[in-house]
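Peer 1: Sequential numbering of the sequence shown, starting at 1, is according to this note's numbering.
For glycine and all other residues, C-beta sits at the position ideal for the given N, C-alpha and C.
Below is a structure I'd like to ask you about.
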Amino acid sequence: MFITIIMLLHQLRQENPAFQGINELVGFCSKIAIKILYKRNFNEFPGSMNSYFQTGDIAADSIAPLFIKDKSGELPIRKALLSWDKEIKDEASAYYFLVKLISNRIEQETAKSLKEADPFFGKILRSINHLAETNRINKATWFGTVYILERENRQITSKPIDPEFIENLPLYLFNTKNEIIVKNVFEHIKSETDFFPAIPLNALIRKIKSVNGCFLQQISAESHSENYEGKFSVEIIVNEGLSAVNDRLDSFYFGKGKINSTETSVFKNVLMEISNDLKDGGISRGLYEYVKPHMADLSREDYYKRYQQTLDYLVRLLKKEIAVRLDKTDI
């Protein structure tokens with residue numbers, strides 16, 4: 001028998017379903033997730049991060065929580081279905097329900113991955129999320145992409161700008177604090193285009209980070225003027241973090257004989273390459289792939305036995321040192 005999505009959702013909706021089609025529903029969700037990700041074509045990810053995110057991994061991580069029972073013993077996908085406020089009357093409306101549900105999960109998962117890979121992304125995202133939490137902006141999803149909306153808008157009712165549109169906006173719109181940047185971009189969209197006034201969130205964060213040669217805005221804590229504007233360089237923040245990690249590498253790992261001088265040099269070169277990738281958006285490959293060019297004879301198995309734990313700690317320490325310095329800025 002040919003199995004359709006609406007048939008599976010009908011089974012799922014039953015109060016005490018003897019749900020035999022769970023594997024089929026997982027399969028449908030996986031295909032939809034992969035299709036959404038390919039449609040986006042990773043345009044929301046910085047260039048150096050494209051290889052870091054694997055489509056299948058993101059798809060699996062996005063849909064898995066929907067099929068893990070919560071504390072009440074309920075499947076989250078069933079809860080979402082029961083709370084869905086639109087009629088599911090045919091295959092098209094059933095498919096639409098899954099697309100909306102999975103799009104939201106993908107956005108959550110990619111934002112989580114971006115925050116973990118790039119401390120700058122996380123810092124700017126927290127700043128913009130604060131605007132949403134204080135009811136100054138709203139969020140909505142359009143075909144898998146999260147947009148921010150003006151306070152008076154709760155949903156997107158016509159076509160918004162594509163994420164790529166943000167890359168070509170004039171720099172003067174971004175030469176201020178995040179709250180003003182958002183207002184500037186809204187006004188530009190409304191006055192210069194026919195698109196619905198909505199801003200793609202991840203693309204906006206990338207632009208804020210990269211504008212004016214990778215400078216982040218900092219309002220000086222020492223200034224009493226609200227109009228004072230200073231700038232804080234991404235490069236300075238990363239280099240200071242890297243210096244702190246190198247000090248730890250010299251004093252503890254090399255100083256106590258845990259690694260030799262050759263290994264210390266390799267680790268410093270690897271950390272330098274990773275820090276450069278962090279400036280550009282995030283770690284672009286697995287840690288072994290960073291080490292391999294510096295130790296041509298090192299097998300993957302030997303790497304994991306001898307170096308993975310130490311290098312993983314040092315990379316996490318690097319991100320922490322960067323985050324500490326970012327927390328001292330107002331961006």
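1. How would you call I236, buried or exposed, if buried means at least 16 neighbouring beta carbons within 10 angstroms?
2. Assign N138 to one of three DSSP states: helix, strand, or coil.
3. Do T264 and F252 have their beta-carbon atoms positioned less than 8 Å apart in this structure?
4. Report yes if the CB atom of R13 is closer than 8 Å to the CB atom of L66, and no otherwise.
5. Pairs of beta-carbons, one from the segment 193 to 208 and one from the segment 158 to 166, closer than 8 Å: are there three or more?
6. Which of helix, strand or coil does DSSP assign to L149?
7. Determine whether the beta carbon atoms of L287 and L311 lie at a separation below 8 Å.
8. Going by beta carbon distance, what residues of the same chain come within less than 6 Å of I161, once the five residues before and after it are set aside?
9. Going by C-alpha distance, which of F28, V185, I63 and K159 is nearest L171?
10. Starting from I259, follow the alpha helix (DSSP H) in both directions and report where the run begins and ends.
11. State the Cα-Cα distance for the pair S299 and E179, rounded to the nearest angstrom.
12. Whole angstroms are fine: how far does the CA of E192 sit from the CA of V182?
13. Express the C-alpha separation of F28 and I58 in angstroms, rounding to a whole number.
14. Less than 8 Å separating the beta-carbons of S275 and L242?
15. How big is the Cα-Cα spacing for I189 and V270?
16. Indicate the three-state DSSP secondary structure (helix, strand or coil) for I161 in the structure shown.
17. Under a three-way DSSP split, which group does F254 fall into?
18. Secondary structure at S225, three-state DSSP: helix, strand or coil?
19. Which residues does DSSP list as the beta-bridge partners of I199?
20. To the nearest angstrom, how far is the alpha carbon of A92 from that of A117?
21. Measure the Cβ-Cβ separation of A376 and S62 and say whether it is below 8 Å.
22. Grab me the residues of I88's own chain with a C-beta within less than 7 Å of its C-beta, minus the 5 sequence neighbours each way, in chain order.
23. State the DSSP-derived secondary structure class of D194, mapped to helix, strand or coil.
24. With distance defined between alpha-carbon atoms, name the residue in K69, N153, F120 and V291 nearest to A323.
25. Would you tell me roughly how many angstroms separate the C-alpha atoms of L149 and L101, rounded to the nearest one?
26. Return the residue from the list I36, G56, E152 and L75 that minimises the CA-CA distance to L25.
27. Could you have a look at K328 and say whether DSSP puts it in helix, strand or coil?
28. Using a threshold of 8 Å, state whether the C-beta atoms of V245 and K279 are closer than that.
29. Suppose the cutoff is 6 Å on Cβ atoms and the five residues either side in sequence are ignored; what does the same chain contact list for E107 look like?
30. Give the single residue among G257, Y290 and K256 whose Cα lies nearest to the Cα of M272.
31. Rank T110, L81 and N135 by C-alpha distance to the C-alpha of L37 and give the top, closest one.
32. In whole angstroms, give me the CA-to-CA distance for V238 and G122.
33. Considering only C-alpha positions, which residue in the set I22, K139, F267 and L317 is nearest to P293?
Peer 2: For this structure:
1. Residue numbering aside, residue 236 sits at position 236 when the sequence shown is read from its first letter. Exposed: under 16 other Cβ atoms inside 10 Å.
2. Taking the sequence shown and counting its residues from 1, one reaches residue 138 at position 138. Reduced to three states, the DSSP call for N138 is strand.
3. The count along the sequence shown starts at 1 and reaches residue 252 at position 252. The count along the sequence shown starts at 1 and reaches residue 264 at position 264. No.
4. Position 13 of the sequence shown holds residue 13. Position 66 of the sequence shown holds residue 66. No, these two residues do not count as a Cβ contact at 8 Å.
5. yes
6. As a working mapping, residue 149 is identified with position 149 in the sequence shown. In the structure shown, L149 sits in a strand (DSSP, three-state: E or B).
7. For the purposes of this step, residue 287 is taken as the residue at position 287 of the sequence shown. For the purposes of this step, residue 311 is taken as the residue at position 311 of the sequence shown. Closer than 8 Å, so yes.
8. If you number the sequence shown from 1, residue 161 lands on position 161. If we look at I161 and ignore the five residues flanking it on each side, its Cβ neighbours are F195.
9. Working through the sequence shown from its first residue, we reach residue 171 at position 171. If we check each option's Cα against that of L171, V185 comes out closest.
10. Residue numbering aside, residue 259 sits at position 259 when the sequence shown is read from its first letter. No alpha helix (DSSP H) holds I259; DSSP gives it neither H nor E.
11. In the sequence shown, the residue the question calls residue 299 occupies position 299. In the sequence shown, the residue the question calls residue 179 occupies position 179. Taking the straight line joining both Cα atoms gives about 49 Å.
12. Walking along the sequence shown from the start, residue 182 turns up at place 182. Walking along the sequence shown from the start, residue 192 turns up at place 192. A direct Cα-Cα distance of roughly 15 Å separates V182 from E192.
13. Walking along the sequence shown from the start, residue 58 turns up at place 58. Walking along the sequence shown from the start, residue 28 turns up at place 28. Taking the straight line from one Cα to the other gives about 15 Å.
14. To locate residue 275, count along the sequence shown from 1; it is residue 275. To locate residue 242, count along the sequence shown from 1; it is residue 242. Closer than 8 Å, so yes.
15. As a position in the sequence shown, residue 189 is number 189, starting the count at 1. As a position in the sequence shown, residue 270 is number 270, starting the count at 1. Near 42 Å, if we compare the C-alpha coordinates of V270 and I189.
16. By one-based count along the sequence shown, residue 161 stands at place 161. Here I161 sits in coil by DSSP.
17. Numbered from its first residue, the sequence shown carries residue 254 at position 254. Looking at F254 - three-state DSSP - the assignment turns out to be helix.
18. The count along the sequence shown starts at 1 and reaches residue 225 at position 225. Residue placement at S225 is flagged as unreliable, the pLDDT there being 36, under the threshold of 50; a coordinate-derived value is accordingly withheld.
19. Within the sequence shown, numbered from 1, the residue matching residue 199 stands at position 199. Beta-bridge pairing links I199 to I148.
20. Here the question's residue 92 lines up with position 92 in the sequence shown. Here the question's residue 117 lines up with position 117 in the sequence shown. Taking the straight line joining both Cα atoms gives about 37 Å.
21. The chain is shown only over 1 to 331; residue 376 falls outside these bounds and no answer can be derived.
22. By one-based count along the sequence shown, residue 88 stands at place 88. Excluding positions up to five away in sequence, the list reads I6, L9, A94 and F97.
23. Taking the first residue of the sequence shown as position 1, residue 194 is located at position 194. The answer is coil: DSSP assigns D194 none of H, G, I, E or B.
24. Here residue 323 refers to the residue found at position 323 of the sequence shown. Selected option, being the one with the closest Cα: F120.
25. Residue numbering aside, residue 149 sits at position 149 when the sequence shown is read from its first letter. Residue numbering aside, residue 101 sits at position 101 when the sequence shown is read from its first letter. Near 20 Å, if we compare the C-alpha coordinates of L101 and L149.
26. On the sequence shown, position 25 is the one that residue 25 refers to. Closest by alpha carbon: L75.
27. For this step, residue 328 is matched to residue 328 along the sequence shown. Correct three-state label for K328: coil.
28. As a first step, residue 245 is located in the sequence shown; it is residue number 245 there, counting from the start. As a first step, residue 279 is located in the sequence shown; it is residue number 279 there, counting from the start. For V245 and K279, no; Cβs fall outside 8 Å.
29. As a position in the sequence shown, residue 107 is number 107, starting the count at 1. Within the same chain, E107 has close Cβ partners V146.
30. Mapped onto the sequence shown, residue 272 falls at position 272. The shortest Cα separation from M272 among G257, Y290 and K256 belongs to Y290.
31. Reading the sequence shown from its first residue, position 37 is the one you call residue 37. Checked all of T110, L81 and N135; the closest Cα to L37 is T110.
32. Here residue 238 refers to the residue found at position 238 when the sequence shown is read from its first residue. Here residue 122 refers to the residue found at position 122 when the sequence shown is read from its first residue. Rounded to the nearest angstrom, the two C-alpha atoms are 15 Å apart.
33. Position 293 of the sequence shown, counted from the first residue, corresponds to residue 293. Just measuring C-alpha positions, the residue of I22, K139, F267 and L317 sitting nearest P293 is F267.
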